[in-house]
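Following full-length UniProt numbering, the numbering of the sequence shown begins with 1 at its first residue and continues without gaps.
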Amino acid sequence: MEGRITLSDRLKAVANMVTRNHRVVDVGCDHGYVPIYLVQRGISPEVIAMDIKEGPLQRAREHVDRAELGAYIALRRSDGLSAYKPGEADTLICAGMGGRLMRKILEAEPQKTEDFKEIILQPQSEIPVFRKFLKDRGYAVCQEDMVWEDGKFYPVIKAVQGDMGPLPYEEEICYRFGPVLLQKKNPTLIMYLKKEWESSLKLKAELSAAGESSRAQQRLWELEKDIAALKKAAKICDCRLI
Numbered sequence: 001m002e003g004r005i006t007l008s009d010r011l012k013a014v015a016n017m018v019t020r021n022h023r024v025v026d027v028g029c030d031h032g033y034v035p036i037y038l039v040q041r042g043i044s045p046e047v048i049a050m051d052i053k054e055g056p057l058q059r060a061r062e063h064v065d066r067a068e069l070g071a072y073i074a075l076r077r078s079d080g081l082s083a084y085k086p087g088e089a090d091t092l093i094c095a096g097m098g099g100r101l102m103r104k105i106l107e108a109e110p111q112k113t114e115d116f117k118e119i120i121l122q123p124q125s126e127i128p129v130f131r132k133f134l135k136d137r138g139y140a141v142c143q144e145d146m147v148w149e150d151g152k153f154y155p156v157i158k159a160v161q162g163d164m165g166p167l168p169y170e171e172e173i174c175y176r177f178g179p180v181l182l183q184k185k186n187p188t189l190i191m192y193l194k195k196e197w198e199s200s201l202k203l204k205a206e207l208s209a210a211g212e213s214s215r216a217q218q219r220l221w222e223l224e225k226d227i228a229a230l231k232k233a234a235k236i237c238d239c240r241l242i
């Protein structure tokens, strides 16, 4: 049996949000690292690892066999939750895919997604739209984190069924930056705000020098909205952008 697996910061942030002793289903398990981590550390007694492609599933199977955890980790080829039966798990993990695909998985079989006690998500695109989707579907965001890895920011969202009540700040600000990240003044979120501020100012200078074309003016107007949102988020987090 090999030693304990080590996860990247991005995947560790996902795994560490799982409630201890919850059974887990990991959709899009890729190499199976998260399921192995959860079982090896006693976080989860059993995990269902699923992927739509046979290649990643075969790699996951090899890693599970090498770790001698076949009795605790079941592997299934599945398009989203198609191979999952309600009641088999308490926690759903979806990580490493775009927000649109993640939304498609959650919407495809609502009777299955509503069966979970918690869902842990790491959307890699369309994040503000995805946060709004969660609220519209009756999910309450109870925990958030953000990780900086390999030159990219990764938000992690933990949600449960239930009304989260009114958002703590303006909708646009909450959906873009994350209500819990803002409330906790998350250090990685603050790093993100500063990087976005620098990029926005640089782009604003370039657009201002580009002339009076309608396209440049439209982009400049959009950029001013982005800058205003960054200022509001920075004020909430009590941080200076310059």
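Even for Gly, the Cβ is constructed at its ideal location relative to N, Cα and C.
- Query: Closest to residue 246 by CA distance: which of Arg-219, Arg-240, Asp-65 and Pro-128 is it?
  - Reply: With the chain covering 1 to 242 only, the question about residue 246 has no answer from this structure.
query = Which value, in whole angstroms, describes the spacing of the CA atoms of Lys-12 and Thr-6?
reply = So the two alpha carbons sit approximately 8 Å from each other.
At which residues does the beta strand (DSSP E) containing Ala-95 begin and terminate? 91–97
Checklist line | Cut-off 6 Å between Cβ atoms - residues of its own chain near Ile-119, not counting five sequence neighbours on either side | finding: Hits under 6 Å: Leu-92 and Ala-159.
With a 10 Å radius around its C-beta and 16 neighbouring C-beta atoms as the bar for buried, classify Asp-145 as buried or exposed.
buried
ask   = Under the rule that 16 or more other beta-carbon atoms within 10 Å means buried, what is Arg-4, buried or exposed?
value = Arg-4 comes out exposed.
Worksheet item: Under three-state DSSP, which class holds Lys-146?
Response: Here the sequence assigns Met to residue 146, which means Lys is not the residue at that position. If DSSP states are grouped into helix, strand and coil, Met-146 belongs with the strands.
When you compare each of Pro-110, Gln-124, Tyr-169 and Ala-140 to Tyr-154 by their alpha carbons, which one comes out closest?
Gln-124
Write down every uninterrupted run of the alpha helix (DSSP H) in the segment 2–69 whose length is 4 residues or greater and which is fully enclosed by it, in chain order. 9–15, 33–40 and 54–66
Could you give the first and the last residue of the continuous alpha helix (DSSP H) run that contains Gln-183? 179–183
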